[in-house]
Amino acid sequence: MSSIDGVGLGLRFAFLDDVVDAIAAGTRLPGVAFFEVSPENHMRRGGHVPAAVERVAEHYRFLTHGLTLSIGGLDPFDRAYMAELRRFVERSKSPFHSDHLCFSGAGGRMLHDLLPLPLTQASAIHVAARIREAQDLLGVPVAIENITRYFVPGERSMDEADYVAEVLDRSSAKLLLDVNNVWVNAVNDGFDALEFLRRLPLDRVVQLHVAGHDRSEEHGLVIDTHGADMIDPVLDLCAWVIERTGPLPVVLERDHRIPPLPELLIELGRVEAAYARGLAAHARFARGDA
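Position one of the sequence shown corresponds to residue 65 (my numbering), numbered consecutively onward.
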């Protein structure tokens with residue numbers, strides 16, 4: 065589906081001008097194979113920011129990653145919004161568009177959060193139909209991302225791994241696998257992260273996310289903040305997946321307490337090392353090495 069692989073960054077306002085300055089100086093950022101961009105941050109804007117994003121797009125491949133599609137919601141898709149999103153994805157030349165397996169709006173209001181869905185077959189059927197509709201409207205394949213959640217609404221009739229697999233099977237969607245989200249949910253819920261990954265259809269994975277998180281001593285939970293450096297167990301999960309899938313695009317997300325770009329690129333180097341470790345193991349497996 066995608067000719068993009070390697071390690072990339074989520075493009076953020078905090079260092080957008082730094083990227084443009086590097087381009088102007090004829091410098092390519094070390095280790096950055098591509099950028100992931102969230103259309104909602106740039107659509108319906110004028111002035112410097114969209115011009116800067118277009119400048120970056122002239123020199124780097126883009127993947128688009130949405131925040132507000134509300135793929136599990138009940139409100140009909142806004143056709144004007146979807147048409148504009150389609151144009152953004154086309155201009156970005158993204159081979160697919162991703163968003164979260166959640167709902168984020170109700171009654172015509174955007175809640176600006178990624179809220180969990182009931183883990184039921186009825187919910188999976190509803191989400192799958194919405195994904196198929198979104199793919200028709202956007203004109204590209206849709207990949208869904210597993211989210212962190214701190215509760216599950218209603219009574220479960222299946223667990224999360226089965227639910228994700230059911231949605232993928234019914235919708236023909238692909239999977240954006242966030243291994244930090246897997247780790248956070250595993251710690252909070254007390255399950256084995258690797259066992260969870262083993263039960264997912266890894267042949268449907270088209271992209272990975274890695275990020276950092278924080279612990280809330282007050283609530284006794286790990287919180288997916290994208291505001292800290294990654295931990296080694298999350299990078300180990302990334303390498304484990306790449307060992308089984310082969311080359312994929314892997315995105316480092318950082319949304320809070322964003323360090324200066326040179327420091328962020330050092331952190332990106334840790335992702336590169338985990339990615340290389342996974343590729344080396346994948347090559348050994350392909351050769352049949354012990």
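Positions of the beta carbon are idealized from the N, C-alpha and C atoms, including for glycine.
| Query | Result |
| --- | --- |
| How should G276 be labelled, buried or exposed, when 16 other C-beta atoms within 10 angstroms of its C-beta is the threshold for buried? | buried |
| Name, in chain order, the residues that DSSP records as bridge partners for R173. | A170 |
| How would you label F349, buried or exposed, when you count the other beta carbons within 10 angstroms and need 16 or more for buried? | exposed |
| Tell me where the beta strand (DSSP E) around R279 begins and ends. | 278-280 |
| Is it true that the stretch 238-254 meets the stretch 188-204, where meeting means three or more beta-carbon pairs spaced less than 8 Å apart? | no |
| Look at the alpha carbon of D200 and the alpha carbon of H129, and state the distance between them as a whole number of angstroms. | 17 Å |
| For G111, is the classification buried or exposed, using 16 other Cβ atoms within 10 angstroms of its Cβ as the cut-off for buried? | exposed |
| According to the neighbour-count rule (16 or more other Cβ atoms, all chains shown, within 10 Å of its Cβ), is R213 buried or exposed? | buried |
| Would you mind stating whether S162 and L178 have Cβ atoms separated by less than 8 Å? | no |
| Please state whether the Cβ-Cβ distance between F160 and F126 is less than 8 Å. | no |
| Report the option in F215, P217, Q271 whose CA atom is closest to the CA atom of A237. | Q271 |
| Just to confirm, is the Cβ distance from L165 to A116 under 8 Å? | no |
| Contact check, V101 vs L75 under 8 Å by CB: the rounded distance? | 5 Å |
| Quickly, what does DSSP pair Q271 with across the bridge? List them, please. | L240 |
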